[in-house]
């Protein structure tokens, strides 16, 4: 039996396509998360950015790794069914916290979120991974867009810096160039969404988002979780998030004092 918010077909689709949309995952936590985002924007963390890119209008704020200092985020994670849903999607008997990420596109923000996979930025590898992207405003035009099946690609996509578009690491042949899914006819999945709905996607699923040309804010809360096969891996340079001083070694499960268990079956 899977969680009531899920169906067996959705679990199968997640394994096949690397992405599904789940109605109402954070429905009861929307106001709590909105308060958390307001607190985050009022007092940004050390990784916050307004993604100021020459020639682009508006403000695209993002920040991550704030759940330990913003109580609304921690409370929303604990109160929601996200851990149970993650366990079902990943097929994992345990669910471990990785980090949170806030992404806010104010009205009239022209900058798109570039196509990327999350996995190559991270120091974790495994098949049992899931990100949840949940809008806190109705979304019609600035929804998350995911390329179905891209989590099965043999090579990972070169991670880039969002503003400069420079490679995050030196490409020594282990990465593929960032594709153009629309031009290349890839199967792009996207949904109109209500506050509290969530797109669940694998760390290796290619995704991006258009700018926000509407007259409404587009606030989104994202949560990244891992399962029992996830292990620490070294990358060619500092990762994002970096988690300085973690002292983990390759092949190790993420340390539970920094990345606590949310569920164990």
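Numbering (the working numbering), first residue to last: 51 to 315. We put the CB at the ideal spot given by N, CA and C, even for glycine.
Looking only at C-alpha atoms, which of the options sits nearest to residue i?
| i | options | result |
| --- | --- | --- |
| residue 217 | 248, 238, 288, 199 | 288 |
| residue 53 | 234, 176, 133, 308 | 133 |
| residue 182 | 171, 153, 209 | 153 |
| residue 206 | 235, 238, 252 | 252 |
| residue 232 | 260, 298, 123, 211 | 260 |
| residue 136 | 214, 68, 168 | 68 |
| residue 106 | 98, 75, 213 | 213 |
| residue 280 | 190, 239, 140 | 140 |
| residue 268 | 143, 92, 160, 204 | 160 |
| residue 316 | 178, 180, 171, 177 | With the chain represented from 51 up to 315, any question about residue 316 goes unanswered, as that position is not in the structure. |
| residue 85 | 305, 270, 283 | 270 |
| residue 77 | 241, 55, 92, 64 | 55 |
| residue 293 | 189, 204, 116 | 116 |
Using the Cβ count rule (16 or more neighbours within 10 Å means buried), how would you classify residue i?
| i | result |
| --- | --- |
| residue 184 | buried |
| residue 57 | exposed |
| residue 315 | exposed |
| residue 255 | buried |
| residue 202 | exposed |
| residue 60 | buried |
| residue 122 | buried |
| residue 200 | buried |
| residue 302 | exposed |
| residue 146 | buried |
| residue 243 | buried |
| residue 99 | exposed |
| residue 234 | exposed |
| residue 71 | buried |
| residue 240 | buried |
Mind reading off the beta-carbon distance from residue i to residue j? Whole number of angstroms is fine, and I expect it under 8 Å.
| i | j | result |
| --- | --- | --- |
| residue 258 | residue 163 | 5 Å |
| residue 95 | residue 112 | Wrong, their Cβ atoms sit about 11 Å apart, outside the cutoff. |
| residue 186 | residue 245 | 5 Å |
| residue 149 | residue 274 | 5 Å |
| residue 249 | residue 174 | Not quite, the Cβ-Cβ distance comes to about 20 Å (not below 8 Å), so this is no contact. |
| residue 272 | residue 151 | 4 Å |
| residue 83 | residue 126 | 5 Å |
Using the C-alpha atoms, what's the distance from residue j back to residue i?
| i | j | result |
| --- | --- | --- |
| residue 26 | residue 158 | Nothing about residue 26 can be read from this structure; the chain reaches only from 51 to 315. |
| residue 324 | residue 196 | The chain is shown from 51 up to 315; residue 324 falls before or after that span and cannot be answered. |
| residue 263 | residue 192 | 8 Å |
| residue 236 | residue 208 | 18 Å |
| residue 169 | residue 108 | 28 Å |
| residue 73 | residue 101 | 30 Å |
| residue 223 | residue 265 | 43 Å |
| residue 119 | residue 291 | 16 Å |
| residue 308 | residue 156 | 32 Å |
| residue 238 | residue 198 | 6 Å |
| residue 129 | residue 79 | 8 Å |
| residue 220 | residue 229 | 18 Å |
| residue 177 | residue 87 | 30 Å |
| residue 138 | residue 225 | 30 Å |
| residue 124 | residue 180 | 18 Å |
| residue 90 | residue 143 | 32 Å |
| residue 298 | residue 304 | 7 Å |
| residue 51 | residue 215 | 44 Å |
| residue 318 | residue 110 | Nothing can be reported for residue 318: it is not among the residues displayed for the chain, which extend from 51 to 315. |
| residue 286 | residue 62 | 34 Å |
| residue 247 | residue 310 | 24 Å |
| residue 282 | residue 188 | 36 Å |
| residue 306 | residue 278 | 12 Å |
| residue 194 | residue 227 | 21 Å |
| residue 131 | residue 81 | 16 Å |
| residue 319 | residue 97 | Outside the shown range of the chain (51 to 315) lies residue 319, about which nothing can therefore be said. |
| residue 284 | residue 204 | 19 Å |
For residue i, verify whether its CB is less than 7 Å away from any heavy atom of the ligand GDP.
| i | result |
| --- | --- |
| residue 127 | This structure does not include the ligand GDP; it has no bound ligands of any sort. |
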